[in-house]
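Working notes for the structure below.
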Amino acid sequence: MVLVLNRTYFPEGTQGTLEWNGTIVCYTIELPWLNNLQRVSCIPEGEYVLQKRFSPKFKWHLHLRNVPGRDLILIHPANDAKTELLGCIAPVTKHTGIGKGSSSRKALEKLKALVYVALERNEEVKISIQSKK
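Residue 95 in UniProt numbering is what sits at position 95 of the sequence shown, and the numbering runs on without skipping anything.
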């Protein structure tokens, strides 16, 4: 399974549309692109393997493996990239501003429902991050 994240970059943040098989699963918010600087930039475009991850803070969420120059890049709930993200990706139900969205937990549940089923079938799940065409 390959999810496709189409990004649009702005100085204040990064907006995205996450699709699977041409259908929108959810939208995303991220920090702006600042040359992959840790904790202040979104991650580089590319293809990354997703895995399930649990933490006390976010409960069950997703982890992007082998991000160059970064570690612990997650897909977890957040509605404001500037105040809640350190390089991670937040799924949102809709965009409410640049780097802002709403109903992030609901969007994450929808994404997990899709991804976790594939992982339980021992499918490899990847996310392909690219600029919006």
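Quick reminder that beta carbons are idealized off the backbone N, C-alpha and C, glycines included.
Can you tell me where the alpha helix (DSSP H) holding residue i begins and where it ends?
i   : result
A78 : That residue, A78, is in no alpha helix (DSSP H); it is neither H nor E in DSSP.
Helix, strand or coil for residue i? Go by DSSP, reduced to three states.
i    : result
K132 : coil
V115 : helix
E84  : helix
E12  : coil
E45  : coil
Whose C-beta lies closer than 6 Å to the C-beta of residue i among residues of the same chain, with five residues either side of it excluded?
i   : result
L85 : L31 and A78
T96 : S102
Bridge partners for residue i per DSSP, in chain order?
i    : result
N54  : Going by the sequence as given, residue 54 is Phe instead of Asn. The partner list for F54 (beta bridge, DSSP) reads W60.
A107 : DSSP, once it has assigned bridges, lists no residue as partnering A107.
I127 : L3 and Y48
G97  : K100
E19  : V4 and I24
Taking the beta strand (DSSP E) that residue i belongs to, which residues open and close that run?
i    : result
I29  : T23 to E30
V92  : A90 to V92
G101 : K100 to S102
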